[in-house]
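Going by the numbering used here, the first residue of the sequence shown is number 605, and it counts up by one from there. C-beta atoms are modelled at their ideal positions from N, C-alpha and C, and glycine is treated no differently. Please read all numbers here as calculations on a predicted model, not as lab measurements. To start, the structure under review is shown below, and the notes come after it.
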Amino acid sequence: MLNEFTMSMKNNKEHEKLEKAIGYTFAKKSLLQQALIHSSALAEKGLTTFCNSNERMEFLGDSILSVIVSRHLYRNLPQKPEGELTKLRANLICEEALYKYAIKLELGSLLIMSKGEENSGGRERKSILSDAFEALIAAVYLDSCERGVDALECAADFVVPFLPTKEALEGGKVKFHIGDYKTALQEIIQKDPNVVIEYEIVGEHGEAHCKTFEASVKIDDEITGIGSGSTKKEAEQQSAKAALIKLGADI
Numbered sequence: 605m606l607n608e609f610t611m612s613m614k615n616n617k618e619h620e621k622l623e624k625a626i627g628y629t630f631a632k633k634s635l636l637q638q639a640l641i642h643s644s645a646l647a648e649k650g651l652t653t654f655c656n657s658n659e660r661m662e663f664l665g666d667s668i669l670s671v672i673v674s675r676h677l678y679r680n681l682p683q684k685p686e687g688e689l690t691k692l693r694a695n696l697i698c699e700e701a702l703y704k705y706a707i708k709l710e711l712g713s714l715l716i717m718s719k720g721e722e723n724s725g726g727r728e729r730k731s732i733l734s735d736a737f738e739a740l741i742a743a744v745y746l747d748s749c750e751r752g753v754d755a756l757e758c759a760a761d762f763v764v765p766f767l768p769t770k771e772a773l774e775g776g777k778v779k780f781h782i783g784d785y786k787t788a789l790q791e792i793i794q795k796d797p798n799v800v801i802e803y804e805i806v807g808e809h810g811e812a813h814c815k816t817f818e819a820s821v822k823i824d825d826e827i828t829g830i831g832s833g834s835t836k837k838e839a840e841q842q843s844a845k846a847a848l849i850k851l852g853a854d855i
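Shown next as structure tokens:
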């Protein structure tokens, strides 16, 4: 089913350039290709999007990224408490950070998407580029698994160069991205260890390639904020922002 799209992929030289940039050569090129297929390209052809686009890869890449960044911080900041490590991790894996990583790799120019998505600025859209970066992590991981090598280490070899060095972390030279409302809310709430925060996607609407999600955040089972966004992550961030405003936080 991917043949129609792989025929229109950028030429091999551009793929080789990307492989060189991430320090990894794919044995199974179809995994690299799938990581670069946005769901809109399949949706406009009436094909199933979640199986053959990079959506499922993004899901896997998100988890792998969290493990890699957590380990990087744990190893390099042995004196930092859990709360500070959590804040740093959230900053390094938020949409804004992943968007900047993707820009460095020029992923936007390599993505396959519908004409409508492209004409509406899809190649520069933060949510699309950040998802593509996570999908690329998953592609490296899956390809490494099939080759029988240490998949997590291969993925880490790709990701870690984008992260602050030990010296930068120790020197407090990490630039924080504005808009991580979930971490801000967590920092306020965790002052009371008995309070529980829970996020839930409560609705979605729109075409498959252009959805809007709605999320709520509950504090001790009480809905404190509701927000919407073009991704589930963004919707959760906006719900956290709404909760902060309700709690009287200065944001």
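Discussion item. Report the CB separation of Asp735 from Asn658 in whole angstroms; it is logged as a contact under 8 Å.
Written reply: Taking the first residue of the sequence shown as position 1, residue 735 is located at position 131. Taking the first residue of the sequence shown as position 1, residue 658 is located at position 54. Sure, about 7 Å apart at Cβ, within 8 Å.
Item to complete: List the residues that DSSP assigns as beta-bridge partners of Thr816.
Response: Counting from 1 along the sequence shown, the entry for residue 816 is found at position 212. DSSP lists His809 as the bridge partner or partners of Thr816.
Worksheet item: From Ala760, Met661, Asn616 and Cys698, pick the residue whose C-alpha is nearest to that of Ala788; which is it?
Response: Counted from its first residue, the sequence shown places residue 788 at position 184. The candidate whose alpha carbon is nearest that of Ala788 is Cys698.
Worksheet item: Under the rule that 16 or more other beta-carbon atoms within 10 Å means buried, what is Lys632, buried or exposed?
Response: Position 28 of the sequence shown, counted from the start, is the residue given in the question as residue 632. With fewer than 16 Cβ atoms within 10 Å of its Cβ, Lys632 is classed as exposed.
Worksheet item: Should Tyr703 go down as buried or exposed, given a rule of 16 or more other Cβ atoms within 10 Å for buried?
Response: By one-based count along the sequence shown, residue 703 stands at place 99. Under this definition Tyr703 is a buried residue.
Item to complete: State yes or no: is the C-beta of Lys850 within less than 9 Å of the C-beta of Gly829?
Response: Taking the first residue of the sequence shown as position 1, residue 850 is located at position 246. Taking the first residue of the sequence shown as position 1, residue 829 is located at position 225. Closer than 9 Å, so yes.
Discussion item. Here's the rule: buried if 16 or more other CB atoms are within 10 angstroms of the residue's CB, otherwise exposed. What is Gln683?
Written reply: For this step, residue 683 is matched to residue 79 along the sequence shown. Classification for Gln683: exposed.
Worksheet item: Of all the options Asn798, Gln790, Pro797 and Gln794, which has the alpha carbon lying nearest to the alpha carbon of Ser843?
Response: If you number the sequence shown from 1, residue 843 lands on position 239. Closest option to Ser843, Cα to Cα, is Gln790.
Worksheet item: Can you round the beta-carbon distance between Ile645 and Ile716 to whole angstroms, since I take them to be within the 8 Å contact cut?
Response: As a position in the sequence shown, residue 645 is number 41, starting the count at 1. As a position in the sequence shown, residue 716 is number 112, starting the count at 1. Position check: residue 645 holds Ala in this sequence, whereas Ile was assumed. Right, the Cβ-Cβ distance comes to about 5 Å (below 8 Å), so this counts as a contact.
Practice prompt. In the DSSP assignment, find the beta strand (DSSP E) that holds Thr629 and state where it starts and stops.
Written response: Counting from 1 along the sequence shown, the entry for residue 629 is found at position 25. Taken as a continuous stretch (DSSP letters only), Thr629 belongs to no beta strand (DSSP E), as it is neither H nor E.
Discussion item. Please classify Cys758 as buried or exposed, where buried requires at least 16 other C-beta atoms within 10 Å of its C-beta.
Written reply: For the purposes of this step, residue 758 is taken as the residue at position 154 of the sequence shown. Counting Cβ neighbours within 10 Å, Cys758 comes out buried, since at least 16 surround it.
Worksheet item: Comparing alpha-carbon positions, which option in Leu636, Ser748, Gly852 and Ala819 lies nearest Phe737?
Response: Here the question's residue 737 lines up with position 133 in the sequence shown. Among Leu636, Ser748, Gly852 and Ala819, the Cα nearest to that of Phe737 belongs to Leu636.
Fill in: Ser644: first and last residue of the uninterrupted alpha helix (DSSP H) it sits in
As a position in the sequence shown, residue 644 is number 40, starting the count at 1. Start and end: Ser643 to Ala647.
Worksheet item: My guess is that Asp824 and Val806 are in contact by the Cβ rule of under 8 Å, so how many angstroms apart are they, rounded?
Response: As a first step, residue 824 must be located in the sequence shown, where it is residue number 220. As a first step, residue 806 must be located in the sequence shown, where it is residue number 202. Going by Cβ atoms, the distance from Asp824 to Val806 rounds to 18 Å, so no, they are not a contact pair.
Worksheet entry | Identity of the residue in Thr690, Tyr628, Val673 and Gln638 nearest Ala739 by Cα | Taking the sequence shown and counting its residues from 1, the one referred to as residue 739 is at position 135. If we check each option's Cα against that of Ala739, Gln638 comes out closest.
Item to complete: Let me know if Gly627 comes out buried or exposed under the rule of 16 or more other beta-carbons within 10 Å of its beta-carbon.
Response: Locating residue 627 in the sequence shown gives position 23, counting from the first residue. Gly627 comes out exposed.
Worksheet entry | Limits of the beta strand (DSSP E) - the one that Gly833 falls within | One-based indexing of the sequence shown puts residue 833 at position 229. That run of the beta strand (DSSP E) goes Glu826 to Gly833.
Worksheet item: DSSP on Val821, reduced to helix/strand/coil?
Response: The sequence position of residue 821 within the sequence shown is 217, counting from 1. Of the three classes helix, strand and coil, the one that applies to Val821 here is strand, per DSSP.
Item to complete: Note down the Cα distance separating Ser713 from Ala706, rounded to an integer number of angstroms.
Response: Here residue 713 refers to the residue found at position 109 when the sequence shown is read from its first residue. Here residue 706 refers to the residue found at position 102 when the sequence shown is read from its first residue. So the alpha carbons of these two residues sit roughly 10 Å apart.
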